[in-house]
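This note's numbering numbers the first residue of the sequence shown as 3 and each following residue consecutively.
Every residue, glycine too, gets a C-beta built ideally from N, C-alpha and C.
Read the structure below first, then the notes.
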Amino acid sequence: MEAEGLDWLLVPLHQLVSWGAAAAMVFGGVVPYVPQYRDIRRTQNADGFSTYVCLVLLVANILRILFWFGRRFESPLLWQSAIMILTMLLMLKLCTEVRVANELNARRRSFAGDSGETKATLIYFDPHHFWQWSSFWDYVQCVLAFTGVAGYITYLSIDSTLFVETLGFLAVLTEAMLGVPQLYRNHRHQSTEGMSIKMVLMWTSGDAFKTAYFLLKGAPLQFSVCGLLQVLVDLAILGQAYAFARHPQKPALHAVHPAGTKAL
Numbered sequence: 003m004e005a006e007g008l009d010w011l012l013v014p015l016h017q018l019v020s021w022g023a024a025a026a027m028v029f030g031g032v033v034p035y036v037p038q039y040r041d042i043r044r045t046q047n048a049d050g051f052s053t054y055v056c057l058v059l060l061v062a063n064i065l066r067i068l069f070w071f072g073r074r075f076e077s078p079l080l081w082q083s084a085i086m087i088l089t090m091l092l093m094l095k096l097c098t099e100v101r102v103a104n105e106l107n108a109r110r111r112s113f114a115g116d117s118g119e120t121k122a123t124l125i126y127f128d129p130h131h132f133w134q135w136s137s138f139w140d141y142v143q144c145v146l147a148f149t150g151v152a153g154y155i156t157y158l159s160i161d162s163t164l165f166v167e168t169l170g171f172l173a174v175l176t177e178a179m180l181g182v183p184q185l186y187r188n189h190r191h192q193s194t195e196g197m198s199i200k201m202v203l204m205w206t207s208g209d210a211f212k213t214a215y216f217l218l219k220g221a222p223l224q225f226s227v228c229g230l231l232q233v234l235v236d237l238a239i240l241g242q243a244y245a246f247a248r249h250p251q252k253p254a255l256h257a258v259h260p261a262g263t264k265a266l
């Protein structure tokens with residue numbers, strides 16, 4: 003009787019918590035990019051942010067949306083992908099504008115060159131120059147081309163369970179690997195100098211929350227497995243920070259690189 007009498011309070015409270023968790027999933031992934039965006043605009047310097055972060059997250063979230071057509075999952079996860087794609091495009095636009103403004107003598111690099119400007123415009127399919135273009139529209143063209151090709155292949159293979167499940171694993175595995183470059187950099191230099199511990203703690207807490215959300219909401223297996231992988235990579239990076247702090251290496255004469263390419 004007492005439990006039934008509290009239903010008027012517990013039911014709305016449960017619904018409120020559910021809405022809060024969904025909102026955190028949709029917007030939580032992009033929140034750390036807000037101060038990054040503001041810092042770049044304020045300093046007019048984008049050297050500390052790798053646009054390859056945008057590339058990986060664009061690919062991962064486009065594939066996740068295509069996966070939704072083959073196997074429906076929680077709507078907040080779908081909206082999360084759409085919001086992340088928009089955020090990464092905004093970051094690319096700002097970074098491109100800032101870098102072009104700072105490179106006064108730079109040659110124009112494009113995704114699809116103009117034959118009438120062979121000396122000024124280069125077509126960069128060379129891996130060394132890929133994703134380093136001088137116009138935001140070139141990035142948009144590349145994203146649209148990838149979406150079109152991937153979408154067409156998905157349309158042709160949507161009835162294949164193997165294809166759909168593989169597509170899901172590729173989507174979340176791509177995002178899960180974002181911490182690996184930082185892990186490798188720390189190992190190569192035997193140091194975490196220049197890396198923010200607060201940033202890594204934010205990764206860990208965010209990835210732990212996502213993984214718990216996947217498990218509680220019964221998301222497809224791909225999400226849970228790759229969420230756990232993300233947490234393990236984050237913990238490995240924290241382990242490196244602890245180990246290198248206890249046994250610091252002599253300063254090496256190498257250039258300082260950006261803090262990492264992990265999605266915050």
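Taking the beta carbon of residue i as the centre, do at least 16 other beta carbons fall within 10 Å, making it buried, or is it exposed?
i, result
"Lys-200", "exposed"
"Ala-221", "buried"
"Trp-139", "exposed"
"Tyr-1", "The question about residue 1 has no answer here: the residues shown for the chain are numbered 3 through 266."
"Pro-78", "buried"
"Phe-69", "buried"
"Asp-49", "exposed"
"Ile-155", "exposed"
"Asn-188", "buried"
"Val-61", "buried"
"Thr-45", "exposed"
"Gln-17", "exposed"
Look at the alpha carbon of residue i and the alpha carbon of residue j, and state the distance between them as a whole number of angstroms.
i, j, result
"Cys-97", "Phe-171", "30 Å"
"Ser-52", "Gln-134", "10 Å"
"Cys-228", "Thr-168", "13 Å"
"Thr-213", "Ser-207", "10 Å"
"Asn-47", "Met-93", "13 Å"
"Ile-160", "Val-145", "21 Å"
"Glu-177", "Ser-226", "13 Å"
"Arg-73", "Leu-175", "17 Å"
"Glu-99", "Ile-87", "18 Å"
"Gln-224", "Leu-164", "13 Å"
"Asp-41", "Asn-104", "16 Å"
Note the first and the last residue of the continuous alpha helix (DSSP H) segment covering residue i.
i, result
"Thr-168", "163–178"
"His-189", "182–191"
"Arg-248", "223–248"
"Glu-99", "77–104"
"Gln-38", "35–45"
By Cβ distance, which residues of its chain are closer than 6 Å to residue i, with the 5 residues on each side in sequence left out?
i, result
"Arg-66", "Ser-83, Ala-173"
"Trp-81", "Val-28"
"Leu-217", "Ser-226"
What does a CB cutoff of less than 7 Å around residue i pick up in its chain, not counting 5 residues either side in sequence?
i, result
"Ala-23", "Tyr-215"
"Arg-43", "Leu-96"
"Thr-89", "Val-32, Tyr-35"
"Gln-38", "Phe-51"
Identify whether residue i lies in helix, strand or coil by the three-state DSSP scheme.
i, result
"Phe-51", "coil"
"Val-145", "helix"
"Thr-280", "Residue numbering for the chain in the displayed model covers 3 to 266; residue 280 lies beyond these limits and cannot be assessed."
"Gln-17", "helix"
"Met-3", "Because Met-3 sits at a pLDDT of 48, beneath the cut-off of 50, its placement in the model cannot be relied upon, and the following sentence gives the value as read from the coordinates. Of the three classes helix, strand and coil, the one that applies to Met-3 here is coil, per DSSP."
"Arg-66", "helix"
"Ser-207", "helix"
"Thr-194", "coil"
"Trp-139", "helix"
"Val-32", "coil"
For residue i, which residues of its own chain have a beta-carbon under 8 Å away from its beta-carbon, when the five flanking residues on both sides are left out?
i, result
"Val-142", "Leu-91"
"Asp-209", "Gly-229, Gln-232, Val-233, Asp-236"
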